[in-house]
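For the sequence shown, the working numbering gives the first residue as 9, with consecutive numbering after it.
For each residue, glycine too, the CB sits at the ideal point set by N, CA and C.
The structure presented is a predicted model; accordingly, all values stated were derived computationally and were not measured.
Scroll down for the structure; my scribbles are underneath it.
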Amino acid sequence: MNPSNEDDLITRLTRSWTQPSFVRLGLGHDCAALAPLSAKALPVLKTDALVENVHFLRTQSPRQIGHKAVARVLSDFAAAGAQPRALLVALGLPHNFSPAFLIACYAGMQKTAQAFGVALVGGETTRSAELWFCVSGFGLATAKTLCSRKGARPGDSLYVTGTLGGSGSGRHLRFTPRLPESQWLVRYHYPSAMMDLSDGLGKDLPRLALASRVSFRIHQKQLPLSPRTTADHAVNDGEDYELLFTVSKKRSALLEKKWPFKTRLSRIGEIVSSSQSSDSDGLILRGFDHLLPIST
């Protein structure tokens with residue numbers, strides 16, 4: 009049965025979402041309100057859009073689309089060394105939307121959010137030419153755990169988690185945000201700089217280098233390639249959602265010895281002085297850019 013109005017649709021989409029005790033005002037209110045923060049907590053904010061025919065197709069699994077909408081935001085919290093707490097979801101609805109499809113999308117959102125202890129606390133619904141989701145997140149970090157793209161220094165080792173490439177085969181709908189790995193890394197103060205790989209190593213590594221005012225060297229043979237993926241696709245296709253981070257050379261061996269996760273950890277190069285040119289070991293670094301035509 010189709011929803012009779014907007015309120016009915018929102019109720020159907022969110023009826024199974026529970027509100028944790030730290031949510032003082034949540035679904036059904038004009039604003040969300042959370043329990044007071046501790047004196048040492050820093051609020052961390054993030055928003056990410058997922059647009060039909062750009063980030064997903066309506067022929068793909070709606071649960072996986074919902075997962076991706078939430079997991080992209082959680083991946084950015086991982087990159088910042090922060091712990092996500094609450095999400096707001098804005099929804100753009102075309103005239104031909106399917107209520108069953110949307111309910112399945114929200115089920116995917118719910119499963120992923122609950123797996124990481126995150127609450128849905130509100131949002132917005134509007135008419136649109138295409139289907140889209142815009143997920144905004146609120147989380148916490150401390151001055152000691154908050155990470156950024158700045159901070160990499162010459163001599164630092166360059167690492168990535170997991171494998172690179174495979175977006176074209178659907179990996180971008182099934183990835184796991186590296187929140188546990190991130191929390192462990194910042195707890196023991198390993199990263200000097202960190203970000204997630206959303207636009208590909210070819211786009212994101214130069215961003216990290218620019219923010220840190222350094223250059224880099226990549227060793228192509230050390231790139232952890234996904235199955236049936238070339239090095240070119242691995243660095244340029246984007247949507248890996250793995251962590252890219254730097255660690256001081258003197259702590260690299262300890263990191264590799266103490267790494268407690270099954271998630272693969274690869275040292276792919278090192279940071280060098282900005283007086284030197286970056287060396288991509290023969291790879292052309294492009295990555296993904298929303299403002300440029302998609303290359304084939």
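Could you check where the alpha helix (DSSP H) with residue i kicks off and where it finishes?
i	result
residue 107	107-123
residue 207	Here residue 207 belongs to no alpha helix (DSSP H), and DSSP marks it neither H nor E.
residue 132	From DSSP, residue 132 is part of no alpha helix (DSSP H) but of the beta strand (DSSP E) over 127-135.
residue 190	187-195
residue 71	70-87
residue 357	With the chain covering 9 to 304 only, the question about residue 357 has no answer from this structure.
Buried or exposed: where does residue i fall if 16 or more other Cβ atoms within 10 Å of its Cβ makes it buried?
i	result
residue 92	buried
residue 274	buried
residue 249	buried
residue 70	buried
Nearest-angstrom Cα distance between residue i and residue j?
i	j	result
residue 292	residue 118	39 angstroms
residue 44	residue 231	43 angstroms
residue 198	residue 154	12 angstroms
residue 175	residue 276	20 angstroms
residue 1	residue 193	Since the first residue shown for the chain is 9 and the last is 304, residue 1 is missing from the structure and cannot be characterised.
residue 50	residue 148	5 angstroms
residue 304	residue 241	Here residue 304 scores only 39 on pLDDT, less than 50, and its place in the model is too uncertain to base an answer on.
residue 183	residue 16	32 angstroms
residue 114	residue 105	14 angstroms
residue 28	residue 127	7 angstroms
residue 229	residue 60	36 angstroms
residue 109	residue 294	35 angstroms
residue 286	residue 24	50 angstroms
residue 161	residue 213	14 angstroms
residue 263	residue 227	19 angstroms
residue 284	residue 33	53 angstroms
residue 141	residue 97	7 angstroms
Which residues in the same chain as residue i place their Cβ atom closer than 6 angstroms to its Cβ, once the five residues preceding and following it in sequence are excluded?
i	result
residue 64	73
residue 185	79, 82, 83, 86
Mapping DSSP to helix, strand and coil, what is residue i?
i	result
residue 94	strand
residue 45	coil
residue 178	coil
residue 267	coil
residue 304	Note on residue 304: pLDDT 39, under 50, position unreliable in the model; no value is reported.
residue 287	strand
residue 57	strand
residue 260	helix
Along the chain, where does the beta strand (DSSP E) containing residue i start, and where does it finish?
i	result
residue 274	273-280
residue 255	251-255
Let me see if you follow: with CB-CB separation under 8 angstroms, is residue i close to chain C or not?
i	result
residue 290	Judged by its chain identifiers, the structure shown contains no chain C, having just a single protein chain.
Beta-carbon within less than 7 angstroms of residue i's beta-carbon, same chain only, minus the 5 sequence neighbours each way: which residues are those?
i	result
residue 179	234
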